[in-house]
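Everything on this sheet refers to the single structure shown next.
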């Protein structure tokens, strides 16, 4: 229950803080110091609005096609040049940038990137990168967080045995469902990555659920990836094989995840893969060891999920570039709150006044 209440408090705080910072125009104060040369934007899924109940954490990874259009329009109205990831190093090293830049990136490899996002980005001539976790198009990834969401929303009582211990959850109200989801989510992630699938199997054992059904519903196919890769607007990046937290893996396992995903993608699209993205990507899942390993593979860029803008100092830190998450739910659907992120107001607060992480 503590977790749910902390989420409610954070949500309430953002509902007060974001409007306060925006309407007091605080971003004018941080813009000269924290907006940097530009920003790399992070998306996951682009899905039409749904009226069905959702678990907030999962829904937070989605924006609507309309919100994607609003993001493009907002950037152009605010004099941003939308560029490809491959132009980043040249722009960072340039002494004279006429406009701030924005880069669009999409994580994991969801089919809606092809169905809903690609037509919009193509129409508006927006270059973008999709980072592929290769087990998704291979049809081998278990998208357990969506399976868990479906289960929790459907059932009022959930029972399973995990590592010899019985777990029971009563979840009749939506608040209880949010809490139950978060508790089981933590149980599944709590343990060695090598035993993740075993924990997933134990949690879903009592329910008639096809573990790969969701994967075939929502993952990109290699055919879709190949088609997009032929478009000059699109760059395909690597995002490991299994989307494990790299910090929890051995050196050899990290090498296997990075090299394996890059080689698989290159064999499928017949092009060199020049960009990499760390799974999860916070300081809990990636650090100096992972940065050095990724560097050895010669990627032009490697990105994290740390919230910050890009500065000239990043020309020597291309293996650890930060990104700003585009989160329609977090920003209450108000595209103007992007001012607080792009102009560095919220990154300044979150990063305790540090510009370069």
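Numbering (the working numbering), first residue to last: 568 to 924.
Every residue gets a Cβ at the ideal spot worked out from N, C-alpha and C, and that includes glycine.
Proximity winner among the options, relative to residue i (alpha-carbon distances)
i           : options               : result
residue 706 : 743, 602 and 786      : 786
residue 783 : 804, 889, 676 and 798 : 676
residue 585 : 717, 912, 918 and 922 : 912
residue 685 : 612, 891, 914 and 831 : 612
residue 923 : 599, 891 and 878      : 878
residue 648 : 691, 810 and 746      : 691
residue 810 : 745, 883 and 711      : 711
residue 633 : 616, 621, 643 and 620 : 616
residue 918 : 607, 792, 849 and 897 : 849
residue 914 : 600, 592, 795 and 719 : 600
residue 909 : 641, 620 and 591      : 641
residue 832 : 853, 796 and 667      : 796
residue 836 : 593, 778, 792 and 896 : 792
residue 856 : 667, 902 and 822      : 822
residue 701 : 722, 718 and 674      : 674
residue 667 : 598, 746 and 854      : 598
residue 808 : 794, 643, 819 and 824 : 824
residue 781 : 591, 718 and 800      : 718
C-alpha gap between residue i and residue j, whole angstroms
i           : j           : result
residue 544 : residue 635 : Any answer about residue 544 is impossible in this case: the structure gives the chain only from 568 up to 924.
residue 645 : residue 655 : 19 Å
residue 802 : residue 733 : 46 Å
residue 683 : residue 765 : 34 Å
residue 789 : residue 860 : 27 Å
residue 569 : residue 864 : Bear in mind that the predicted position of residue 569 carries a pLDDT of just 49, short of 50, making it too unreliable to give a figure here.
residue 572 : residue 627 : Unreliable positioning characterises residue 572 in this predicted model, as indicated by a pLDDT of 49, which lies under 50. A coordinate reading is not provided.
residue 724 : residue 731 : 19 Å
residue 678 : residue 875 : 28 Å
residue 761 : residue 815 : 10 Å
residue 880 : residue 658 : 12 Å
residue 817 : residue 883 : 26 Å
residue 753 : residue 665 : 46 Å
residue 891 : residue 920 : 16 Å
residue 769 : residue 899 : 36 Å
residue 798 : residue 838 : 12 Å
residue 826 : residue 609 : 23 Å
residue 742 : residue 620 : 12 Å
residue 794 : residue 834 : 14 Å
residue 607 : residue 820 : 28 Å
residue 591 : residue 583 : 12 Å
residue 660 : residue 845 : 24 Å
residue 746 : residue 618 : 21 Å
residue 740 : residue 722 : 11 Å
residue 800 : residue 650 : 9 Å
residue 758 : residue 873 : 24 Å
residue 862 : residue 596 : 35 Å
residue 738 : residue 763 : 24 Å
residue 643 : residue 614 : 23 Å
Within 9 Å, strictly: CB atoms of residue i and residue j
i           : j           : result
residue 736 : residue 751 : yes
residue 969 : residue 773 : Outside the displayed range of the chain (568 to 924) lies residue 969, so it cannot be described from this structure.
residue 605 : residue 670 : yes
residue 904 : residue 587 : no
residue 894 : residue 630 : yes
residue 695 : residue 688 : yes
residue 851 : residue 713 : no
residue 847 : residue 886 : no
residue 806 : residue 866 : no
residue 672 : residue 652 : yes
residue 720 : residue 744 : yes
residue 779 : residue 771 : no
residue 901 : residue 594 : no
residue 840 : residue 813 : no
Cβ separation of residue i and residue j, assumed to be a contact under 8 Å, to the nearest whole Å
i           : j           : result
residue 889 : residue 868 : Not quite, the Cβ-Cβ distance comes to about 11 Å (not below 8 Å), so this is no contact.
residue 709 : residue 767 : 6 Å
residue 698 : residue 804 : 4 Å
residue 748 : residue 622 : 5 Å
residue 897 : residue 581 : 7 Å
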